[in-house]
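Chemist:
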Amino acid sequence: MPRVVVSASIAYDYIMSFGGSFKDHILPDKAHVISVSFLLDALVQQRGGVGGNIAYTLALLGEPSALVGTVGRDFGEYREAFERLGIDLTNVVTLDDELTSSSFMNADMAGNQIAAFYPGAGGHSAELDVTEAARAARFGIVGAGAPDAMRKHAAEIVAAGCTLIFDPSQQIVILTGDDLQTGIDAADIVVGNDYEFGMMERKTGLAVADIASRVRMAVVTYGDRGSEILTEGKTIAIPVAKPEVVADPTGGGDAYRAGLIKGLLLGSELPVVGRIAALAATYAIERHGPQEHQFTAGEFVARFEEAFPDYAGALQPGELESNLASMTMTQALST
Numbered sequence: 137m138p139r140v141v142v143s144a145s146i147a148y149d150y151i152m153s154f155g156g157s158f159k160d161h162i163l164p165d166k167a168h169v170i171s172v173s174f175l176l177d178a179l180v181q182q183r184g185g186v187g188g189n190i191a192y193t194l195a196l197l198g199e200p201s202a203l204v205g206t207v208g209r210d211f212g213e214y215r216e217a218f219e220r221l222g223i224d225l226t227n228v229v230t231l232d233d234e235l236t237s238s239s240f241m242n243a244d245m246a247g248n249q250i251a252a253f254y255p256g257a258g259g260h261s262a263e264l265d266v267t268e269a270a271r272a273a274r275f276g277i278v279g280a281g282a283p284d285a286m287r288k289h290a291a292e293i294v295a296a297g298c299t300l301i302f303d304p305s306q307q308i309v310i311l312t313g314d315d316l317q318t319g320i321d322a323a324d325i326v327v328g329n330d331y332e333f334g335m336m337e338r339k340t341g342l343a344v345a346d347i348a349s350r351v352r353m354a355v356v357t358y359g360d361r362g363s364e365i366l367t368e369g370k371t372i373a374i375p376v377a378k379p380e381v382v383a384d385p386t387g388g389g390d391a392y393r394a395g396l397i398k399g400l401l402l403g404s405e406l407p408v409v410g411r412i413a414a415l416a417a418t419y420a421i422e423r424h425g426p427q428e429h430q431f432t433a434g435e436f437v438a439r440f441e442e443a444f445p446d447y448a449g450a451l452q453p454g455e456l457e458s459n460l461a462s463m464t465m466t467q468a469l470s471t
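Sequence positions in the sequence shown follow our numbering and run 137 to 471.
1. What distance in whole Å lies between the Cβ atoms of residue 290 and residue 322, which are believed to be in contact at a cut-off of 8 Å?
2. Need the endpoints of the beta strand (DSSP E) that residue 302 sits in, please.
3. For the beta strand (DSSP E) that contains residue 152, what are its first and last residues?
4. For residue 406, I'd like the list of residues in its chain whose CB is within less than 6 Å of its CB, leaving aside the five on either flank, ordered along the chain.
5. Anyone know if the C-beta pair for residue 384 and residue 186 falls short of 7 Å?
6. Check whether the stretch 230-246 touches the stretch 147-164, counting contact only when three or more Cβ pairs, one atom from each stretch, lie closer than 8 Å.
7. Alpha carbon to alpha carbon, how far is residue 141 from residue 261?
8. Looking at the secondary structure, which residues open and close the alpha helix (DSSP H) in which residue 241 lies?
9. So residue 373 is in the beta strand (DSSP E); what residue range does that whole segment cover?
10. Considering Cα atoms alone, identify which of 244, 231, 190 and 245 is closest to residue 218.
11. Could you check where the beta strand (DSSP E) with residue 249 kicks off and where it finishes?
12. Just to confirm before moving on: does the CB-CB distance between residue 208 and residue 236 stay below 7 Å?
13. Got a sec, what are the start and stop residues for the alpha helix (DSSP H) residue 348 sits in?
14. Quick check on residue 139: does DSSP put it in helix, strand or coil?
15. May I ask whether a heavy atom of the ligand ADP can be found less than 6 Å away from the beta carbon of residue 240?
16. Starting from residue 390, follow the alpha helix (DSSP H) in both directions and report where the run begins and ends.
17. Any contact of the stretch 305-318 with the stretch 279-297, i.e. 3+ C-beta pairs under 8 Å?
18. Jot down the residue ranges of each uninterrupted beta strand (DSSP E) in the stretch 274-342, minimum 3 residues, whole runs only, in chain order.
19. Which class does residue 441 belong to by DSSP, given the choice of helix, strand or coil?
Next up, the structure:
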């Protein structure tokens with residue numbers, strides 16, 4: 137049985153590019169009756185969603201997880217790709233009368249963005265029970281998804297005796313202060329970026345240090361300034377793994393969380409755990425799309441030692457190889 141349960145959004149991302157500037161087509165004095173249409177230069181459909189992204193990178197790291205969520209009738213290609221990676225989709229339920237959650241992002245040449253999100257089938261995720269999967273797992277991560285599913289699955293993971301990682305991220309805006317405090321109090325580990333911890337403080341009155349004092353570990357990411365792991369009154373600074381190019385920051389945080397979980401499962405020292413997470417994030421941001429990066433165990437370890445020479449030998453390829461007997465990750469990715 138998988139050692140990790142992932143409960144968070146599963147979605148398709150539709151990335152659109154407009155070759156001009158939105159402002160050239162919007163009349164300020166007619167803003168009350170906007171009617172605009174943009175001829176796109178590019179449209180790409182990609183697999184995404186917080187839960188899907190975390191599960192993807194965990195699989196690359198040799199840790200196929202149990203993914204949880206409700207999806208629509210258009211999920212076929214997504215399901216096939218994840219089955220090839222060995223991800224447990226027992227608790228990914230298809231609703232034939234719905235479409236999979238979808239994010240639509242249209243960007244112009246000036247960097248402006250018009251976005252929309254359709255929850256679709258993902259809005260029914262709270263109807264699923266994760267207790268059975270959590271009983272067999274060591275870690276259960278609850279990330280951004282339907283708010284009622286986040287509340288329910290966090291409680292079920294804890295009741296099953298599984299270690300809860302609470303990562304409310306994009307849903308902090310919707311969750312109440314009580315929701316956030318309940319999640320923090322139930323969790324062993326709380327993860328978020330600097331801005332998200334600031335939003336949690338506004339809603340709960342709990343600063344990062346306060347949250348760290350209530351849980352076994354708090355992890356704060358700072359983008360290109362690295363990250364910090366706060367535990368037992370100590371702060372462990374984690375540097376970034378220098379990227380070859382920054383193509384798209386989308387999904388970097390999700391990959392970081394996958395690396396964090398893998399490092400904890402290995403029982404590595406926390407400076408090593410953080411660096412595994414940092415390198416996983418770097419792989420993600422070097423590609424357009426949150427599930428477009430690839431690496432083998434050997435490639436990951438070689439780059440880890442290049443990025444963090446002081447920790448050479450701390451990670452072995454065998455620790456990142458999937459326990460799937462019938463296929464290697466390389467075969468899965470190339471199928």
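By construction, the Cβ of each residue, glycine as well, lies at the ideal position given by its N, Cα and C atoms.
Modeler: In short:
1. 6 Å
2. 299-302
3. 147-154
4. 365 and 372
5. no
6. yes
7. 14 Å
8. Where residue 241 is concerned, there is no enclosing alpha helix (DSSP H), although the beta strand (DSSP E) it sits in stretches over 237-243.
9. 370-374
10. 190
11. 249-254
12. yes
13. 344-350
14. coil
15. Here there are no bound small molecules, and the ligand ADP is not part of this structure.
16. 388-402
17. yes
18. 275-278, 299-302 and 325-329
19. helix
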